[in-house]
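Chains as they are written, first to last, in our numbering: chain A, 207 to 527; chain B, 207 to 527.
Protein chains: 2
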Amino acid sequence: MLDALDSGSVVALAGGVGGAKLAQGLAGIVEGDRLTVIVNTADDFDLWGLHISPDLDTVMYTLAGIANPVTGWGIAGDTHHTLAGIATYGEDPWFSLGDRDFATHILRTERLRRGDRLTDVTGGLAGALGVTARLLPMTDDPVATMIHTDGRTLAFQDYFVARRQQDEVEAVSFAGIDDARPTAEVLAAVVAASVIVFCPSNPIVSIGPILEVAGMREAIARSNAAKVGVSPIVGGKALKGPADRMLASLGFESSALGIARMYRDLLDVLVIDETDRELAASIEALGMRVLVTQTVMGPKEDRERLAGEVLAGVRRAGSRK
Amino acid sequence: MLDALDSGSVVALAGGVGGAKLAQGLAGIVEGDRLTVIVNTADDFDLWGLHISPDLDTVMYTLAGIANPVTGWGIAGDTHHTLAGIATYGEDPWFSLGDRDFATHILRTERLRRGDRLTDVTGGLAGALGVTARLLPMTDDPVATMIHTDGRTLAFQDYFVARRQQDEVEAVSFAGIDDARPTAEVLAAVVAASVIVFCPSNPIVSIGPILEVAGMREAIARSNAAKVGVSPIVGGKALKGPADRMLASLGFESSALGIARMYRDLLDVLVIDETDRELAASIEALGMRVLVTQTVMGPKEDRERLAGEVLAGVRRAGSRK
Chain A
207 MLDALDSGSV VALAGGVGGA KLAQGLAGIV EGDRLTVIVN TADDFDLWGL
257 HISPDLDTVM YTLAGIANPV TGWGIAGDTH HTLAGIATYG EDPWFSLGDR
307 DFATHILRTE RLRRGDRLTD VTGGLAGALG VTARLLPMTD DPVATMIHTD
357 GRTLAFQDYF VARRQQDEVE AVSFAGIDDA RPTAEVLAAV VAASVIVFCP
407 SNPIVSIGPI LEVAGMREAI ARSNAAKVGV SPIVGGKALK GPADRMLASL
457 GFESSALGIA RMYRDLLDVL VIDETDRELA ASIEALGMRV LVTQTVMGPK
507 EDRERLAGEV LAGVRRAGSR K
Chain B
207 MLDALDSGSV VALAGGVGGA KLAQGLAGIV EGDRLTVIVN TADDFDLWGL
257 HISPDLDTVM YTLAGIANPV TGWGIAGDTH HTLAGIATYG EDPWFSLGDR
307 DFATHILRTE RLRRGDRLTD VTGGLAGALG VTARLLPMTD DPVATMIHTD
357 GRTLAFQDYF VARRQQDEVE AVSFAGIDDA RPTAEVLAAV VAASVIVFCP
407 SNPIVSIGPI LEVAGMREAI ARSNAAKVGV SPIVGGKALK GPADRMLASL
457 GFESSALGIA RMYRDLLDVL VIDETDRELA ASIEALGMRV LVTQTVMGPK
507 EDRERLAGEV LAGVRRAGSR K
């Protein structure tokens, strides 16, 4: 396992900010040609005719080292003149897009319209920004997370951004998921992986859609890779976003144990925060190893520290198998 | 004629910067609901998937009072971060687009893609910027000026911007012109006009395409409106752009007299600059009246001064009929 890991390839499954941080940590310690990040695209949507891929962009900007360090999304130091111009025309600037960020959406949209696959478009954009890891959308097909709440159905960004996650989530569905297929690149990466890392992203609306793409859950389950997750829930709370409230309202436990139960059939190792050390025994009782460490990530060096511990934890778990 | 003029409506035919200046002058002295500006769209092109309408935008920004006073096009004080972002992805930023300017192109493109007519899109954008005059594209159909030079054919913006008008123009054609129709709005404005003003725009590539749209030349010729043009050539030179060299290489005379000959069957009055006073008799010999004044326009007040003289000149010409 140790040899396989050192020369083998790593696949990370990621949503937005939290996933991007660990992906950046992995990118700092795994050579680019050995690291593939498979990113949720169920948050993608069209705005003013432009194709926005929030999670892909967050991971791309983070891996490129240009992400806004305060928000975790968007580009550091970006200005908002184009958005202000759009507002001048009477449009509601409800979704924040920076000027340099607009360049991404404009070119992505142009290239998709001319028939390029999102996979290739993403590779081209990320490569131009100097990203050496392989960045893959979970699928080239359209999938849209829908939030069902209080008798209404909201598009994800309407729930997440426009309404600031104020609604209690009664159910989540992924429009288009039945027709979505993983790309050849995604399947090949999963098959070739020595380690698959479930980043600390929302298990319902970030990792969830990736696993729901036809055949993905099975491909991951069948893979010989060691599978390790990092709990996005620390001390019962989500570090970012509504995952904790969403888990609770959907009937899951908002804790590292709840996360372990959701990923029970998939993970060999779950990494939990020191805060949750007392949950380790209950999680191990589910049949997975537990690594306890500091999971709340600071700047890049700290992300690399956690990534290193995650991969080392996989090695130790592997050696015990 | 005086009564008809004071209560009647004015139609201006315009290209970019020069036309926009006189249109702004007219807008300062004619109420918005009596002024229609019909604008060349043969320069329109697609860039990074966005529909750019350079002349419509120049006239719109000028009438809105937000045009860059140095260039005459673009928006005053605009920044260029989105364009810089596009260059980051390896694209050649050969066509300057400001951040606020991008907002125009993004919304225009979105609205055209959803099926709105360019006429309605333009009205919506201009209205939001506070433009009270009616701004109309010459047609809703695609027309593209092609520059034939040295055995090659160049798209207009390739000739005009990318190659900085360095090529000798051997011929000009308008792709799509045979299928382009004037809109109901354009025809109604021409029929209702008391005065039609040919702004000091390039007669070949700005006013030319407007007249070439099927039925437009005839509609203008048949109209009872007084027709007055302002020469874009002063002292044999174009005030802006390549009109002088283009006229010469195409076999026209680059002078106010040359302009008069081109518009001979259409104009009742030609306004020429004091510099060209000695051409007045030759122009009048062609059968049109001449008004000699200062035609080189400074700031807004000066544009209104010229617009007032143009309309007054039409009145006097009318009274002599």
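Idealized CB from N, CA, C, for every residue including glycine.
Please read these numbers as outputs of a predicted model, since none were measured by experiment.
{"Asked": "For a test of the three-state rule: what should DSSP assign to residue 251 of chain B, helix, strand or coil?", "Found": "strand"}
{"Asked": "Once DSSP output is grouped into helix, strand and coil, what is the label at residue 381 of chain B?", "Found": "strand"}
{"Asked": "Give the list of continuous beta strand (DSSP E) stretches no shorter than 3 residues that lie fully inside the region 420-470 of chain B.", "Found": "432-436"}
{"Asked": "Taking the beta carbon of residue 401 of chain B as the centre, do at least 16 other beta carbons fall within 10 Å, making it buried, or is it exposed?", "Found": "buried"}
{"Asked": "Which residue marks the beginning of the beta strand (DSSP E) containing residue 499 of chain A, and which one marks its end?", "Found": "495-499"}
{"Asked": "For chain B, is any of its Cβ atoms less than 8 Å away from the one on residue 325 of chain A?", "Found": "no"}
{"Asked": "In terms of DSSP beta bridges, what is residue 242 of chain A paired with?", "Found": "A:217, A:340"}
{"Asked": "Residue 300 of chain A touches chain B at which residues, Cβ-Cβ below 7 Å?", "Found": "Chain B residues near residue 300 of chain A: none, gap ~15 Å exceeds 7 Å."}
{"Asked": "Within 8 Å (strictly less), CB to CB, does residue 258 of chain B reach chain A?", "Found": "no"}
{"Asked": "Closest by CA to residue 232 of chain A, which one among A:410, A:493, A:341, A:411?", "Found": "A:341"}
{"Asked": "Hey, does residue 467 of chain A have any beta-carbon neighbour from chain B nearer than 8 Å?", "Found": "no"}
{"Asked": "For residue 404 of chain B, write down the residues that DSSP places opposite it in a beta bridge.", "Found": "B:219, B:435"}
{"Asked": "In whole angstroms, what separates the C-alpha of residue 318 of chain A from that of residue 324 of chain A?", "Found": "7 Å"}
{"Asked": "My understanding is that residue 516 of chain B touches residue 436 of chain B, with C-beta atoms under 8 Å, so please give their C-beta distance in whole angstroms.", "Found": "6 Å"}
{"Asked": "In chain B, which residues lie with their C-beta within 8 Å of the C-beta of residue 267 of chain A?", "Found": "The contacting residues do not exist; residue 267 of chain A stays about 11 Å from chain B at best."}
{"Asked": "So is residue 248 of chain A buried or exposed if we call it buried at 16+ other beta carbons inside 10 Å?", "Found": "buried"}
{"Asked": "Tell me, please, whether the CB atom of residue 291 of chain A is closer than 8 Å to any CB atom in chain B?", "Found": "yes"}
{"Asked": "Could you check what DSSP says for residue 305 of chain A in three-state terms: helix, strand or coil?", "Found": "helix"}
{"Asked": "Is any beta-carbon of chain A found at less than 8 Å from that of residue 309 of chain B?", "Found": "yes"}
{"Asked": "Inspect the beta-carbon positions of residue 227 of chain A and residue 268 of chain A and report whether they are closer than 8 Å.", "Found": "yes"}
{"Asked": "Name the chain A residues whose beta carbon is nearer than 8 Å to that of residue 306 of chain B?", "Found": "287, 288, 290, 291, 294"}
{"Asked": "Do you know whose CA, among B:224, B:215, B:230, lies nearest residue 506 of chain B's CA?", "Found": "B:230"}
{"Asked": "According to DSSP, is residue 473 of chain A part of a helix, a strand, or is it coil?", "Found": "coil"}
{"Asked": "Which residue or residues does DSSP assign as beta-bridge partners of residue 479 of chain B?", "Found": "B:499"}
{"Asked": "Please compile the residues from chain B whose C-beta is within a distance smaller than 8 Å of the C-beta of residue 264 of chain A.", "Found": "Ordered by position in chain B, no residue passes the 8 Å Cβ test against residue 264 of chain A, which lies about 16 Å from the chain."}
{"Asked": "Quick one: list the residues of chain A neighbouring residue 315 of chain B, beta-carbon separation under 8 Å, in chain order.", "Found": "255"}
{"Asked": "Just curious, the alpha helix (DSSP H) that residue 287 of chain B is in, first and last residue?", "Found": "287-294"}
{"Asked": "Compare the beta carbon distance of residue 251 of chain B and residue 361 of chain B with 8 Å and say whether it is the shorter of the two.", "Found": "yes"}
{"Asked": "Out of B:344, B:398, B:490, state which residue places its alpha-carbon closest to the alpha-carbon of residue 383 of chain B.", "Found": "B:344"}
{"Asked": "Please list, in chain order, the chain A residues whose beta carbon lies closer than 8 Å to that of residue 319 of chain B.", "Found": "255"}
{"Asked": "Identify the residues that DSSP records as bridge partners of residue 351 of chain B: which are they?", "Found": "B:380"}
{"Asked": "Can you list the residues of chain A that residue 478 of chain B reaches, using a CB-CB cut of under 7 Å?", "Found": "By Cβ distance, chain A contributes nothing, its closest Cβ being about 39 Å from residue 478 of chain B, past 7 Å."}
{"Asked": "If I measure Cβ to Cβ from residue 454 of chain A and keep anything under 7 Å in the same chain, skipping five residues before and after, which residues do I get?", "Found": "460"}
{"Asked": "Can you tell me which of the three DSSP states residue 335 of chain B falls into?", "Found": "coil"}
{"Asked": "Under three-state DSSP, which class holds residue 360 of chain A?", "Found": "strand"}
{"Asked": "Between the region 330-350 of chain A and chain B, which residues of the former have CB atoms less than 8 Å from a CB of the latter, in chain order?", "Found": "330, 331, 334, 335"}
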